[in-house]
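Enquirer: The following block contains the structure, expressed as structure tokens.
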Amino acid sequence: MEKIIGGIKRECYPLTAAQMVHIYTLSLSPTHEIVNIGTGQYLKTELNISVLREALNRAVERCESMRMRIWKDPDTGELLQYVMPYENKYFEYYDFSALTEEKAHAILDRWTSQPFDTFGGELSRIVIVSMPDGYNGYYFNVHHCCMDSCSVITFTKDVMDIYCHLMYDLPYPKPMASYIESVKKDLEYNGSKKQLRDAQFWQNILNQPEPMYTDYTGFGRMIQWRKENPEQRWGVLSTKTGAGKTVTYDLSVDSTNKILRFSEEHNIPVSVVILHAIRTVLSKFNNNETDVTIKDFVSRRSTLQNKRSGGVRMHCFDLRTIIDLDKTVLESMEIINKAQQELFLHADYPTLGFYGQQRQIFGYPQGGCYQSVSFTYQNATLKSLVPYLKDIPVKSRWYNSGRQPQPLYITAMHRFGDGGLTFHFGYQSELVTPQEIEFLYYFTGRVLFRSIENPNKTIQEIIDMT
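Residue numbering for the sequence shown is 0 to 465, as defined by numbering that gives the first Met the number 0.
Right under this line is the structure:
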């Protein structure tokens with residue numbers, strides 16, 4: 000539909016279901032930086048700043064979602080999106096090379112805590128930076144309605160590919176896919192036969208007996224809740240401000256390779272191996288509970304169009320598994336894998352629709368839930384993305400906006416430098432201490448490696464070993 004915005008006719012489209020999740024988050028938050036994604040990509044080499052600036056401009060020109068704006072109709076309140084024409088930008092340059100790494104990152108954390116003007120303003124910021132110890136690259140902050148982590152990684156790949164073409168005459172990257180065409184496809188889902196099939200699947204899930212909440216700190220919160228309601232099965236994890244932090248834990252390359260070998264040998268996705276560990280810890284911490292739910296984030300990028308279109312496509316749903324303690328590790332992983340594959344098949348269904356129906360059926364209050372942990376796995380590495388840079392030390396950083404939309408969001412992703420796994424634990428500070436997060440990571444690691452070392456032992460035996 001066409002709308003006159005600022006005196007100019009724009010072709011506008013409704014927001015997608017994935018974008019509406021972040022609009023909903025904003026409606027519950029006093030500030031807008033809660034939907035910021037701040038990252039930094041740094042290489043230990045001299046970079047030609049003018050060439051990098053050109054590469055960044057070309058990447059922005061090729062990526063429609065980087066030029067997306069959200070407009071709120073002043074008459075109806077309807078939210079619409081449109082893409083601005085490309086305009087060449089002179090990206091700022093900051094030299095932090097004389098600072099300590101800690102001070103430089105603290106500045107970039109502060110930048111990430113600066114909110115965007117969601118309804119009408121530019122929704123990203125790029126700054127070229129020199130970092131301590133000879134690292135150079137760029138800082139990138141973007142609104143979650145424009146991009147998710149998959150889009151950020153794809154944009155990074157495009158920037159580096161273009162830079163290597165301009166500097167070293169390597170092949171120019173293939174064109175990016177159209178973000179608007181991806182949006183149109185998403186909007187066609189409404190009322191389609193697939194939506195009806197997905198709706199029936201999730202209705203069948205919701206028709207099952209009420210799930211059981213399992214807390215990542217143990218059973219203590221549930222004991223307190225049950226003093227007022229002895230039959231309560233849901234939890235309430237909510238904060239007034241969403242204030243939060245992110246702590247990262249780096250797994251060694253050797254330990255990462257053990258996980259990858261196990262995954263390949265047993266034909267089990269890496270995400271399932273990690274989910275099994277998190278799930279088993281939640282069971283252990285909650286009196287060996289067999290009914291465990293984790294909020295699983297799905298990238299929804301199975302086609303080349305969706306992989307290269309940018310934007311935000313991520314949906315999330317409850318991944319619920321009921322696994323008896325006498326099941327073996329491999330049997331547990333197969334159950335989780337089957338449940339996750341079914342979730343993937345029906346992941347186009349609106350996230351807000353699922354949780355709205357769940358709340359209506361089981362009657363829990365605002366902030367109620369059956370899962371305390373959210374999880375996603377990203378498998379891309381810069382080594383595989385940009386072969387020319389394989390011998391250059393690389394650092395990638397995901398910055399903290401000071402707000403967290405989830406009580407606890409665990410992201411497992413491979414480092415751009417050596418391919419080892421890094422676990423990002425984003426948590427809301429009012430709900431948990433840093434010591435409790437470290438305790439959770441410690442036990443998750445113990446369970447993970449005891450499991451892949453003893454795949455034929457039962458869950459009970461793994462719990463007893465850890």
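Backbone N, C-alpha and C define an ideal beta-carbon position, used for all residues, glycine too. None of the values given here were measured: they were computed from a predicted structure.
1. According to DSSP, is Ile-391 helix, strand or coil?
2. With H, G and I counted as helix, E and B as strand and the rest as coil, what does DSSP make of Lys-71?
3. Quick one: complete beta strand (DSSP E) runs, 3+ long, within the region 276 to 354?
4. So, for Pro-208: in the same chain, excluding its five sequence neighbours on each side, which residues have a beta-carbon less than 8 angstroms away from its beta-carbon?
5. Candidates Ala-105, Asp-249, Thr-99, Val-328: which alpha carbon is nearest Tyr-440's?
6. Go through its chain and collect everything with a Cβ distance to Leu-324's Cβ below 7 angstroms, but skip five positions before and after it.
7. Under DSSP, the beta strand (DSSP E) around Leu-78 begins and ends at which residues?
8. To which residues of the same chain is Arg-124 closer than 6 angstroms at the C-beta, ignoring the five residues directly before and after it?
9. For Arg-9, report the span of its beta strand (DSSP E) as first-last.
10. Can at least three beta-carbon pairs, one atom from the region 136 to 152 and one from the region 110 to 119, be found at a separation below 8 angstroms?
11. Leaving out five residues before and five after Thr-468 in sequence, what residues of the same chain have Cβ atoms less than 6 angstroms from its Cβ?
12. Under the three-state reduction of DSSP, which class applies to Asn-56: helix, strand or coil?
13. Select from Thr-216, Gly-362, Ile-161 the residue whose C-alpha is nearest the C-alpha of Ala-58.
14. Do the CB positions of Leu-329 and Asn-455 come within less than 8 angstroms of each other?
15. Using the Cβ count rule (16 or more neighbours within 10 Å means buried), how would you classify Ala-17?
16. Put Met-0 into one of helix, strand or coil per three-state DSSP.
17. When you compare only the Cα positions, how much space is there between Phe-448 and Tyr-408?
18. Locate the beta strand (DSSP E) running through His-423, then write down its first and last residues.
19. Taking Ala-469 as the reference, give the member of Thr-292, Gly-444, Met-211, Arg-299 with the closest Cα.
20. Please name the residue in Ile-4, Glu-121, Ser-49 whose C-alpha comes closest to that of Met-74.
21. Report yes if the C-beta distance between Thr-213 and Ser-371 is below 8 angstroms; otherwise report no.
22. How many Å lie between Thr-240 and Pro-268 at the Cα?
23. Can you tell me the Cα-Cα spacing of Lys-193 and Gly-310, whole angstroms?
24. In angstroms, rounded to a whole number, what distance separates the CA positions of Phe-442 and Val-280?
25. Could you check if Leu-381 is buried or exposed, using at least 16 other CB atoms within 10 Å of its CB as the buried criterion?
26. Contact between the region 33 to 53 and the region 329 to 348: three or more CB pairs below 8 angstroms?
27. Spatial neighbours of Gln-231 within its chain, please: C-beta separation below 6 angstroms, excluding the five flanking residues on both sides.
28. Which residues in the same chain have their Cβ closer than 7 angstroms to the Cβ of Gln-403, if we skip the five residues on either side of it in sequence?
29. Secondary structure at Cys-145, three-state DSSP: helix, strand or coil?
30. Taking the alpha-carbon positions, what's the Asp-157 to Pro-172 distance?
31. Hey, how far is the Cα of Tyr-93 from the Cα of Asn-56?
32. Quick one: Cα of Leu-78 to Cα of Tyr-12, how far?
33. Taking Phe-442 as part of the alpha helix (DSSP H), name the residues at either end of that continuous run.
34. On the criterion of 16 or more Cβ atoms from any shown chain inside 10 Å, does Gln-304 qualify as buried, or is it exposed?
35. Mapping DSSP to helix, strand and coil, what is Asp-197?
36. Whole angstroms are fine: how far does the CA of Arg-61 sit from the CA of Arg-52?
Expert: Looking at the atomic coordinates:
1. Counting from one through the sequence shown, the residue named residue 391 turns up at place 392. Ile-391: coil per DSSP, three-state reduction.
2. Within the sequence shown, residue 71 is the residue found at index 72, counting from 1. Correct three-state label for Lys-71: strand.
3. 290 to 297, 314 to 321
4. Numbered from 1 along the sequence shown, position 209 holds the residue referred to as residue 208. Around Pro-208: no qualifying Cβ.
5. Taking the first residue of the sequence shown as position 1, residue 440 is located at position 441. For Tyr-440, the nearest C-alpha among the options comes from Asp-249.
6. The count along the sequence shown starts at 1 and reaches residue 324 at position 325. The residues are Asn-287, Thr-289, Thr-457, Ile-458, Gln-459.
7. Position 79 of the sequence shown, counted from the start, is the residue given in the question as residue 78. It spans 78 to 82 - the beta strand (DSSP E) in which Leu-78 sits, taken as one unbroken run.
8. Translated into positions along the sequence shown, residue 124 becomes position 125. Cβ neighbours of Arg-124 beyond the five flanking positions: Asn-140.
9. Along the sequence shown, read from residue 1 onward, the residue named residue 9 stands at position 10. Note, Arg-9: beta strand (DSSP E), 7 to 10.
10. yes
11. Residue 468 lies beyond the stretch modelled for the chain, which goes from 0 to 465, so this question has no answer here.
12. Here residue 56 refers to the residue found at position 57 of the sequence shown. Reduced to three states, the DSSP call for Asn-56 is helix.
13. On the sequence shown, position 59 is the one that residue 58 refers to. Here the closest residue by C-alpha is Ile-161.
14. The residue labelled residue 329 in the question sits at position 330 within the sequence shown. The residue labelled residue 455 in the question sits at position 456 within the sequence shown. Their beta carbons are under 8 angstroms apart, which means Leu-329 touches Asn-455 by this criterion.
15. As a working note, residue 17 is residue 18 in the sequence shown. Label assigned to Ala-17: buried.
16. Position 1 of the sequence shown, counting from 1, holds the residue named residue 0. Met-0: coil per DSSP, three-state reduction.
17. Here residue 448 refers to the residue found at position 449 of the sequence shown. Here residue 408 refers to the residue found at position 409 of the sequence shown. Computed Cα separation, rounded: 21 angstroms.
18. The sequence position of residue 423 within the sequence shown is 424, counting from 1. Looking at the DSSP string, the run of the beta strand (DSSP E) that includes His-423 is 420 to 427.
19. Only positions 0 to 465 of the chain appear in the structure, and residue 469 is not among them; the question remains open.
20. Residue mapping note: residue 74 aligns to position 75 of the sequence shown, counting from 1. The sequence shown places Asp at residue 74, rather than the Met named in the question. With distances taken between Cα atoms, Asp-74 lies closest to Ile-4.
21. Locating residue 213 in the sequence shown gives position 214, where the first residue counts as 1. Locating residue 371 in the sequence shown gives position 372, where the first residue counts as 1. Yes.
22. Here residue 240 corresponds to residue number 241 of the sequence shown, with the count starting at 1. Here residue 268 corresponds to residue number 269 of the sequence shown, with the count starting at 1. Answer to the nearest angstrom: the Cα atoms are 36 angstroms apart.
23. Taking the sequence shown and counting its residues from 1, one reaches residue 193 at position 194. Taking the sequence shown and counting its residues from 1, one reaches residue 310 at position 311. So the two alpha carbons sit approximately 22 angstroms from each other.
24. Numbered from its first residue, the sequence shown carries residue 442 at position 443. Numbered from its first residue, the sequence shown carries residue 280 at position 281. Going from the Cα of Phe-442 to the Cα of Val-280 covers about 7 angstroms.
25. Residue mapping note: residue 381 aligns to position 382 of the sequence shown, counting from 1. With a pLDDT of 43 at Leu-381, under the threshold of 50, the modelled position of that residue is not reliable, and no figure is offered here.
26. no
27. The residue labelled residue 231 in the question sits at position 232 within the sequence shown. Excluding positions up to five away in sequence, the list reads Trp-224, Arg-225.
28. Numbered from 1 along the sequence shown, position 404 holds the residue referred to as residue 403. Gly-241, Gly-243, Gly-425, Tyr-426, Gln-427.
29. For the purposes of this step, residue 145 is taken as the residue at position 146 of the sequence shown. Correct three-state label for Cys-145: coil.
30. Locating residue 157 in the sequence shown gives position 158, where the first residue counts as 1. Locating residue 172 in the sequence shown gives position 173, where the first residue counts as 1. Going by the C-alpha atoms only, they are around 7 angstroms apart.
31. In the sequence shown, the residue the question calls residue 93 occupies position 94. In the sequence shown, the residue the question calls residue 56 occupies position 57. So the alpha carbons of these two residues sit roughly 18 angstroms apart.
32. Residue mapping note: residue 78 aligns to position 79 of the sequence shown, counting from 1. Residue mapping note: residue 12 aligns to position 13 of the sequence shown, counting from 1. Cα to Cα, Leu-78 sits roughly 9 angstroms from Tyr-12.
33. By one-based count along the sequence shown, residue 442 stands at place 443. Taken as a continuous stretch (DSSP letters only), the alpha helix (DSSP H) holding Phe-442 covers 433 to 452.
34. As a first step, residue 304 must be located in the sequence shown, where it is residue number 305. With fewer than 16 other Cβ atoms within 10 Å, it is exposed.
35. Here residue 197 refers to the residue found at position 198 when the sequence shown is read from its first residue. The answer is helix: DSSP assigns Asp-197 an H, G or I state.
36. Sequence index remark: in the sequence shown, residue 52 carries index 53 (1-based). Sequence index remark: in the sequence shown, residue 61 carries index 62 (1-based). Rounded to whole angstroms, Arg-52 to Arg-61 spans 14 angstroms at the Cα level.
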